[in-house]
Ligand SMILES: Nc1nc2c(c(=O)[nH]1)N[C@H]1C(S)=C(S)[C@@H](COP(=O)(O)OP(=O)(O)OC[C@H]3O[C@@H](n4cnc5c(=O)[nH]c(N)nc54)[C@H](O)[C@@H]3O)O[C@H]1N2
Ligand SMILES: Nc1nc2c(c(=O)[nH]1)N[C@H]1C(S)=C(S)[C@@H](COP(=O)(O)OP(=O)(O)OC[C@H]3O[C@@H](n4cnc5c(=O)[nH]c(N)nc54)[C@H](O)[C@@H]3O)O[C@H]1N2
Ligand code: SF4
Ligand SMILES: [Mo]
């Protein structure tokens, strides 16, 4: 039977059984599991089932979040028409009225305060096409230098470290398929079992094949369960721990001298630096016994092959860049990169955490990972966009710094797409106060998030079921997310909303696209010759091949599986090692007499980021319907905290109320609170605003707190 006939019969069958199927990718993490949503109508009731679809990265697997993602996408609270705030209340308006309002406000602000007074805050959960377009929108339609995105709070330390050490930043230097073949694995500050569950089988297979697994984490997580050696360090001491390992590797002459000589620069500085450090002091500082540091160092150095993975535990620190660089120092000193089953992986977080950091949404960046400060890069992109090079703004500031500029009155208007900074930024009270000061605030979202509540206008966007486009997954593999469900009500695709606003501002001629694919064609051109070169990738190829690893400069190019086999991306082709101090320049918010405990923050399996989506999914919310604090029973006893009671946690900046959860698996000097809840459970009310000087990452993973049983009088005082 011909394919056409088969298709015809399948369509007829679907009509009879009232079954529709939608191909898409999970809206959550960087694994970007491919899936199909099956919609069955049984009499008048609709039933939805999500099933995994085969692909090179996730091989058809899905975790509980993917299986239940449709519950938020189909939720009755989805906004389905534009909302304008009138007399403090949101009222339904037409797209025309919303766009007129935007035009008037933006024009009056820019006439009064200049182009840079309007900022754009973007996201790594939108497609490459949208991230690209948002960067173009800021520079061409608004002519503002102020654009940055939520990836600044996520991937920036690892990205900066990779750029500094290797000369380029693709999160994974190798394809995932090499993991099961490696002999030793170091997992630093990454909880893959809860955060990228469908990646776990690669590590489980490695373990079955005999790999030795080292986990570095203050908690015994589900990921630490597969460890042969768990270094349960004090939060925020990874840089010091890496120095300890380097010292042992160098003193025991376990370095790969030939590799260092040929492929690296800066080793002598590192050698001199670690020689001056004391292992006893490092052990004291990190809380890890010298014997364990030695075991990890020797094992990692001695095996023939090895891989290093980092995530936010190491990176979300005020010295996150330096800590990652020091772990990379280890990798280079033992020559475990650029070879089979040897390499580095910064485990990306959001669905498009990789792609959205490549195509111009960052304050200092143009598409293709080009620099907005580089003359040639500026000229090339200006030409693609059809403007004069002088018209391109220069670099702006990072996400949290934009919020500060709002507070100071320098930025008075803002467009926000696909993020919830009132909950996700540090120093939450300050952020909320700043956003309230905006003269104009437009939010583009699926729901009235905690941040959207503060907006003047909310525009309804499309979800992963509706919005086609490319997403670059954790491996650096560009994938095509097919999405064919019609937008609900008057919701529009994010890319269409950007084009409509540009049109309202009189810049429509630069934003004439009929489809996401048309935008991708322009992105290909804009990325050509850049570091993140997508020019050989087409929708047709992505449909046929299931995903392509960049760089891919030609349509005949197969994509790049392994990076740095013969050279690194710096002009001299060498990896750059550097000496890293045990204690960072920006002091961390470490425990004091008044605030005697470390607080660290992170994630749990069923929820996603600020919870706007997963708190609306009945199946997921049922697993954790409120926030909690993980606390060691001995510590709990000391502060008279019973199990499963409401407690108050305070830092210098604020307080939250959450439920206690006793756990033997956490360090007694540390408590852990997840980030998925808002308002009086928003853990970011506690976190300090200090930023890593290199990448401007906040220190989400270390904060000094005190804990006490709940006093009823406090509850009434809290908002
Ligand atoms: N279920 C779920 N999955 C997600 C997400 C989600 O919200 N929920 N979010 C996605 C996103 S955007 C991201 S960025 C990733 C994040 O993925 P991860 O970075 O793996 O997640 P986290 O829980 O933030 O932190 C990882 C681990 O760091 C540990 N840690 C804390 N402090 C330190 C420290 O000082 N040193 C070390 N070595 N470890 C420390 C924590 O105990 C935690 O187990 O997950 C993605 N996947
Ligand atoms: N304390 C602490 N804070 C942290 C972290 C931590 O570990 N600890 N982690 C940080 C990290 S790694 C991250 S990535 C940030 C994330 O922080 P945010 O970006 O603020 O978090 P999300 O919850 O993903 O917000 C996404 C918003 O976009 C909406 N949305 C979803 N899909 C779409 C879409 O397709 N289009 C549009 N227009 N809107 C959509 C959702 O409804 C939601 O309101 O938080 C950071 N904050
Ligand atoms: S949350 Fe991540 S691992 Fe789970 S289904 Fe979605 S993309 Fe896959
Ligand atoms: Mo993230």
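In the working numbering, the protein residues as written are 1387 to 2105. The beta-carbon is built from N, C-alpha and C at its ideal position, and this holds for glycine as well. A quick note: this is a predicted structure, and the numbers were derived from the prediction, not measured.
Inter-residue spacing [alpha-carbon to alpha-carbon] between residue i and residue j
| i | j | result |
| --- | --- | --- |
| residue 2083 | residue 1736 | 16 Å |
| residue 2007 | residue 1762 | 50 Å |
| residue 1405 | residue 1440 | 21 Å |
| residue 1588 | residue 1694 | 14 Å |
| residue 1808 | residue 1787 | 14 Å |
| residue 1958 | residue 1533 | 32 Å |
| residue 2120 | residue 1764 | Here the chain comprises residues numbered 1387 to 2105, so residue 2120 is not present and cannot be evaluated. |
| residue 1895 | residue 1759 | 26 Å |
| residue 1620 | residue 1425 | 48 Å |
| residue 1543 | residue 1732 | 10 Å |
| residue 1706 | residue 1467 | 41 Å |
| residue 2105 | residue 2015 | Caution is warranted here: a pLDDT of 42 is assigned to residue 2105, below 50, making its placement in the model unreliable, and no coordinate value can be reported. |
| residue 1793 | residue 1784 | 14 Å |
| residue 2063 | residue 1990 | 11 Å |
| residue 1553 | residue 1950 | 10 Å |
| residue 1545 | residue 1555 | 5 Å |
| residue 2037 | residue 1977 | 10 Å |
| residue 1687 | residue 1646 | 14 Å |
| residue 2090 | residue 1985 | 6 Å |
| residue 1665 | residue 1966 | 15 Å |
| residue 1565 | residue 1676 | 28 Å |
| residue 1833 | residue 1412 | 18 Å |
| residue 2101 | residue 1476 | In this predicted model, residue 2101 has a pLDDT of only 47, less than 50, meaning its place in the structure is not dependable; the value taken from the coordinates is given anyway. Near 29 Å, if we compare the C-alpha coordinates of residue 1476 and residue 2101. |
| residue 1730 | residue 1483 | 50 Å |
| residue 1438 | residue 1446 | 5 Å |
Integer-rounded CB distance, given that residue j should sit under 8 Å from residue i
| i | j | result |
| --- | --- | --- |
| residue 1713 | residue 1684 | Not really, about 16 Å apart at Cβ, beyond 8 Å. |
| residue 1742 | residue 1576 | Between residue 1576 and residue 1742 the Cβ distance is about 20 Å, and since that is not below 8 Å, they are no contact. |
| residue 1799 | residue 1504 | 4 Å |
| residue 2139 | residue 1856 | Nothing can be reported for residue 2139: it is not among the residues displayed for the chain, which extend from 1387 to 2105. |
| residue 1458 | residue 2003 | 5 Å |
| residue 1627 | residue 1617 | 7 Å |
| residue 1922 | residue 1940 | 4 Å |
| residue 1884 | residue 1520 | 6 Å |
| residue 1813 | residue 2001 | Between residue 2001 and residue 1813 the Cβ distance is about 22 Å, and since that is not below 8 Å, they are no contact. |
| residue 2025 | residue 2093 | 5 Å |
| residue 1843 | residue 1488 | 6 Å |
| residue 2044 | residue 2017 | Residue 2044 to residue 2017, Cβ: 10 Å. No contact. |
| residue 1847 | residue 1877 | 6 Å |
| residue 1801 | residue 1506 | 5 Å |
| residue 1880 | residue 1485 | No, residue 1880 and residue 1485 are not in contact; Cβ-Cβ is about 15 Å, not under 8 Å. |
Residue i versus the options, residue with shortest Cα-Cα distance
| i | options | result |
| --- | --- | --- |
| residue 1840 | 1826, 1852, 2085 | 1826 |
| residue 2088 | 2027, 1561, 1982, 1853 | 1982 |
| residue 1562 | 1513, 1626, 1863, 1453 | 1863 |
| residue 1668 | 1770, 1647, 1634 | 1634 |
| residue 1659 | 1427, 1614, 1715 | 1715 |
| residue 1824 | 1491, 1482, 1455 | 1491 |
| residue 2077 | 1442, 1978, 1704 | 1704 |
| residue 1869 | 1929, 1648, 1919, 1899 | 1929 |
| residue 2052 | 1971, 2019, 1892, 1465 | 2019 |
| residue 1915 | 1536, 1745, 2055 | 1745 |
| residue 2085 | 1834, 2041, 1701 | 1701 |
| residue 1517 | 1943, 2046, 1751 | 1751 |
| residue 2022 | 2042, 2041, 2046 | 2046 |
Sub-8 Å separation of residue i and residue j beta-carbons
| i | j | result |
| --- | --- | --- |
| residue 1421 | residue 1410 | yes |
| residue 1936 | residue 1952 | no |
| residue 1963 | residue 1739 | no |
| residue 1810 | residue 1996 | yes |
| residue 1692 | residue 1570 | yes |
| residue 2079 | residue 1972 | yes |
| residue 1448 | residue 1419 | yes |
| residue 1461 | residue 1436 | no |
**Message:** Within 8 Å, do at least three Cβ pairs link the stretch 1488-1503 to the stretch 1717-1727?
**Reply:** no
**Message:** Pairs of beta-carbons, one from the stretch 1516-1536 and one from the stretch 1770-1783, closer than 8 Å: are there three or more?
**Reply:** yes
**Request:** Flag this pair as touching only if the stretch 2033-2044 and the stretch 1592-1607 have three or more C-beta atom pairs under 8 Å; answer yes or no.
**Result:** no
**Request:** Take every Cβ of the stretch 1865-1881, pair it with every Cβ of the stretch 1848-1855, and state whether three or more of those distances are shorter than 8 Å.
**Result:** yes
**Message:** With three or more beta-carbon pairs closer than 8 Å as the criterion, would you say the stretch 1768-1776 touches the stretch 1815-1823?
**Reply:** Output reads no: the stretch 1815-1823 does not touch the stretch 1768-1776.
**Prompt:** Below 8 Å, can you find three or more Cβ-Cβ pairs linking the stretch 1578-1585 to the stretch 1671-1687?
**Reply:** no
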